[in-house]
Every structure is written in C-alpha cells, then in structure tokens.
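Novice:
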Amino acid sequence: MECGKSFYTSTNLTAHHRSHTGEKPFQCLQCGKKSFSQKGQLKSHERIHTGEKPFQCMECGKRFRAKSSYIGHSRIHTGEKPYKCLEKSFSQKGHLKSHERIHTGEKPFQCMECGKSFRAKSSYIVHSRIHTGEKPFQCLQCGKRFSRSDRFRAHKRTHTVLQSKKSSEYP
Numbered sequence: 001m002e003c004g005k006s007f008y009t010s011t012n013l014t015a016h017h018r019s020h021t022g023e024k025p026f027q028c029l030q031c032g033k034k035s036f037s038q039k040g041q042l043k044s045h046e047r048i049h050t051g052e053k054p055f056q057c058m059e060c061g062k063r064f065r066a067k068s069s070y071i072g073h074s075r076i077h078t079g080e081k082p083y084k085c086l087e088k089s090f091s092q093k094g095h096l097k098s099h100e101r102i103h104t105g106e107k108p109f110q111c112m113e114c115g116k117s118f119r120a121k122s123s124y125i126v127h128s129r130i131h132t133g134e135k136p137f138q139c140l141q142c143g144k145r146f147s148r149s150d151r152f153r154a155h156k157r158t159h160t161v162l163q164s165k166k167s168s169e170y171p
C-alpha cells in the first residue's frame, strides 16, 4: 500500500499505515469500548477516566487532557489560523475538514435513530441527545440541565443579569 508519504521514524510510518488499514491495537482497559491506532491517543483517552488535565493555557487557565486540544485552544488567543481553504482560515485541522465537506457534500456521521446525517461529529453528538435525552450541562446555581453548551452558556448569563439587577436595586 503506497500513498507517497514518507516519515523520519518507523514509529510514525507504522502509525500512518494504520490510518490505511484501520488497525487499532491499543484498547482502553477501563471502559473496553474504545480502541486506538496510536498509544498517545489511548493515553489521552484514559485521562477521561482519571480526570487528569495536564495541559494548561497560560492566558486563561483552562486545562486540557490532550496536547492537541491545548494547541488548538491557544490559537483563540493568538488568532493563528494555519488551516486554509480558499478565502477561509481555521485554527484547527478538524474545523477545516468539516468545512471541506461543504464542498464535497459528504455527511459521514449518520444518526442510527432517524437517519439524519451530519458533516461534523460534534453536530451529530448534539443531535443524538434529542433521542437519548442526555443533558450533560448542569447549572450549579439552579440545577437546570441542558443538552447543548450554547444554551447552557446563555442560561448562565441570566443569573449574572439577575444578580446585577438585584445589587443595583439594593445599594
């Protein structure tokens, strides 16, 4: 199987070869559900179970399980957008791949419940919560739960607006 790519190390070549074969020899022993093509991917996944987030943004303090997530996040602060498609630029490779599907029409993420398809895995995950009823975002002030992070953030702002109104009414 030749694709024309070359690598400096045999480790990187083996990892790339697995992208063609689909081989995923590294399995999570905690949940048994996930398998990975690279050992580093498994280590990053295992942090879900331990809660470890060793990569911290020096700008805002946010922490990350994976170095790649930290690097992608740090571009929010620097404004760097190294992934390009015509006139558009993206801070993360995954965002570019998702955008490219607009041009190809590809929607590889299909809901098994209703058949609806999506360009981005994140959109599929949000959609799937319609069927499962999962609401992973909970307000610590009132206990209300949300299936979408954007609606959760909007809800949290209502508490800060209410707080500022109360404090201005009673000086």
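Its first residue numbered 1, the sequence shown is counted upward by one per residue in UniProt numbering. Yeah, the Cβ is synthetic: ideal placement off N, Cα and C, and Gly gets one too. Keep in mind it's a predicted model, so treat the numbers as computed, not measured.
Under a three-way DSSP split, which group does Y8 fall into?
Specialist: As a working mapping, residue 8 is identified with position 8 in the sequence shown. DSSP places Y8 in coil when its eight states are reduced to three.
Novice: Indicate the three-state DSSP secondary structure (helix, strand or coil) for Q56 in the structure shown.
Specialist: Within the sequence shown, the letter at position 56 stands for residue 56. Here Q56 sits in strand by DSSP.
Novice: In chain order, what residues of the same chain lie with their CB nearer than 6 angstroms to the CB of R101, ignoring the 5 residues before and after it?
Specialist: One-based indexing of the sequence shown puts residue 101 at position 101. So the list reads R119, once near-sequence residues are dropped.
Novice: May I ask you to report which of helix, strand or coil DSSP gives K156?
Specialist: The count along the sequence shown starts at 1 and reaches residue 156 at position 156. The answer is helix: DSSP assigns K156 an H, G or I state.
Novice: How many whole angstroms separate the CB atoms of E23 and S10, which I take to be in contact at a CB cut-off of 8 angstroms?
Specialist: Residue mapping note: residue 23 aligns to position 23 of the sequence shown, counting from 1. Residue mapping note: residue 10 aligns to position 10 of the sequence shown, counting from 1. Contact flag wrong, Cβ pair sits at about 15 angstroms.
Novice: Sorted by chain position, which residues of the same chain lie with C-beta nearer than 7 angstroms to K128's C-beta, five sequence neighbours on each side aside?
Specialist: On the sequence shown, position 128 is the one that residue 128 refers to. Note on residue identity: the sequence assigns Ser, not Lys, to residue 128. Hits under 7 angstroms: C111.
Novice: Would you say K145 and K156 are within 8 angstroms of each other, going by their C-beta atoms?
Specialist: Locating residue 145 in the sequence shown gives position 145, where the first residue counts as 1. Locating residue 156 in the sequence shown gives position 156, where the first residue counts as 1. In the sequence on display, residue 145 carries Arg and not Lys. Contact flag unset, no.
Novice: Per DSSP, what are the beta-bridge partners of S89 in this structure?
Specialist: Position 89 of the sequence shown, counting from 1, holds the residue named residue 89. K84.
Novice: Give me the residue from K81, I130 and T158 with the minimum Cα distance to L140.
Specialist: Position 140 of the sequence shown, counted from the start, is the residue given in the question as residue 140. Of the candidates K81, I130 and T158, the one whose C-alpha sits nearest the C-alpha of L140 is T158.
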